[in-house]
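Asks: Protein chains in written order, with the numbering used here: chain A, 59 to 177; chain B, 59 to 177.
Below, the structure written as structure tokens:
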């Protein structure tokens with residue numbers, strides 16, 4: 059039981075596309091991640107996923123539209139919905155999702171991080 | 059599927075101690091609430107509860123210590139742990155917790171809000 063300062067946690071790592079677990083609430087994880095560039099199209103069969111932008115600006119591409127998120131804004135991607143996060147410049151994001159969530163969802167490739175670091 | 063701007067949602071209501079649901083992630087709720095004054099000692103039998111301070115400063119009293127939260131900080135209260143939120147001045151909080159969570163936990167009184175408004 060510790061107070062988590064989001065900015066302080068974000069200062070502890072520099073790598074991108076590698077979510078760090080910073081909180082556990084029942085069967086959910088709170089994660090922090092830095093994003094830059096383009097990820098990979100994927101969906102999650104079961105898990106909904108919340109993206110909250112803490113710093114910067116994020117585009118989440120859906121198959122039918124682009125969703126833009128600024129600081130202080132969040133978007134929930136329902137399970138089954140294909141999405142592609144794109145960050146022209148580095149963006150800091152708080153993720154909220156079931157513990158079972160894999161970052162690349164239905165895709166397994168070199169971007170997959172299955173062993174999450176806890177900060 | 060809409061972008062949620064936290065500040066804009068907070069501007070839609072003024073009442074305190076009455077959480078509004080602003081997002082659903084599987085069996086979890088994202089809520090926004092304004093707090094001022096002292097609540098009631100309670101715990102949640104099953105649900106862990108995350109308090110993220112969006113604006114202001116919040117004290118969460120535990121039986122053995124006081125936890126102070128500033129903007130951009132969060133704290134997770136594990137189920138079973140008695141707590142008492144106290145806000146000397148108005149504070150804006152994002153809550154994250156299972157849908158089953160009742161604001162007053164094991165206590166039922168005039169502060170209990172069982173029919174949550176969705177914004």
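For glycine and all other residues, C-beta sits at the position ideal for the given N, C-alpha and C.
Ends of the alpha helix (DSSP H) at residue 68 of chain B?
Replies: 64-68
Asks: Within the segment 137-170 of chain B, note down every full alpha helix (DSSP H) run reaching 4 residues or more, in order along the chain.
Replies: Complete alpha helix (DSSP H) runs here, min 4: none at all.
Asks: Taking three-plus beta-carbon pairs below 8 Å as touching, is the segment 95-103 of chain A in contact with the segment 137-151 of chain A?
Replies: Result yes; three or more Cβ-Cβ pairs closer than 8 Å.
Asks: Please name the residue, chosen from A/79, A/116, A/70, that lies closest to residue 174 of chain A on a Cα-to-Cα basis.
Replies: A/79
Asks: Drop a sphere of 10 angstroms on the beta-carbon of residue 157 of chain B, count the other beta-carbons inside from all chains shown, and report buried for 16 or more, exposed for fewer.
Replies: Exposed: under 16 other Cβ atoms inside 10 Å.
Asks: Between residue 177 of chain A and residue 92 of chain A, which are expected to be in contact by the criterion C-beta below 8 Å, what is the C-beta distance as a whole number of angstroms?
Replies: Going by Cβ atoms, the distance from residue 177 of chain A to residue 92 of chain A rounds to 12 Å, so no, they are not a contact pair.
Asks: Between residue 88 of chain B and residue 150 of chain B, is the Cβ-Cβ spacing less than 8 Å?
Replies: no
Asks: Among A/130, A/114, A/172, A/138, which residue has its Cα nearest to the Cα of residue 121 of chain A?
Replies: A/138
Asks: Using three-state DSSP, classify residue 87 of chain B as helix, strand or coil.
Replies: The answer is strand: DSSP assigns residue 87 of chain B an E or B state.
Asks: Using Cβ-Cβ distances below 8 Å, what residues of the segment 64-87 of chain A are close to chain B?
Replies: 64, 65, 81, 82, 83, 84, 86
Asks: Return the residue from the list B/77, B/73, B/101, B/59 that minimises the CA-CA distance to residue 83 of chain B.
Replies: When each option's Cα is compared against that of residue 83 of chain B, the closest is B/59.
Asks: Within its chain, find whatever has a CB closer than 6 Å to the CB of residue 126 of chain A; leave out the 5 residues flanking it on each side and keep chain order.
Replies: 117
Asks: Could you run through the segment 94-119 of chain A and flag, in chain order, every residue whose CB is less than 7 Å away from some CB of chain B?
Replies: 105, 106, 108
Asks: Look at residue 160 of chain B and residue 108 of chain B and say whether their C-beta atoms are less than 8 Å apart.
Replies: Contact flag unset, no.
Asks: Any C-beta of chain A sitting closer than 8 Å to the C-beta of residue 42 of chain B?
Replies: A query on residue 42 of chain B cannot be resolved here, the shown segment of chain B reaching from 59 to 177 and no further.
Asks: Kindly give me the distance between the Cβ atoms of residue 62 of chain B and residue 132 of chain A, rounded to whole angstroms, as I take these residues to be in contact under 8 Å.
Replies: 5 Å
Asks: Would residue 130 of chain B pass as an interface residue toward chain A - the criterion being a Cβ-Cβ separation below 8 Å?
Replies: yes
Asks: To test your reading of the DSSP string, which unbroken beta strand (DSSP E) runs of 3 or more residues are found completely within the segment 91-115 of chain A?
Replies: 107-113
Asks: Can you name the residues of chain A whose CB is closer than 7 Å to the CB of residue 168 of chain B?
Replies: The contacting residues do not exist; residue 168 of chain B stays about 28 Å from chain A at best.
Asks: Can you check which of these residues, B/100, B/73, B/69, is closest to residue 163 of chain B by C-alpha distance?
Replies: B/100
Asks: How far does the beta strand (DSSP E) with residue 126 of chain A in it reach, from first residue to last?
Replies: 124-127
Asks: Count the other CB atoms, across all protein chains shown, that sit within 10 Å of the CB of residue 73 of chain A; report buried if there are 16 or more and exposed otherwise.
Replies: exposed
Asks: Residue 106 of chain A and residue 135 of chain A - do their beta-carbons sit closer together than 8 Å?
Replies: yes
Asks: Pick from B/90, B/81, B/102: whose alpha carbon is nearest that of residue 152 of chain B?
Replies: B/90
Asks: How is residue 120 of chain B classed by DSSP in three states: helix, strand or coil?
Replies: strand
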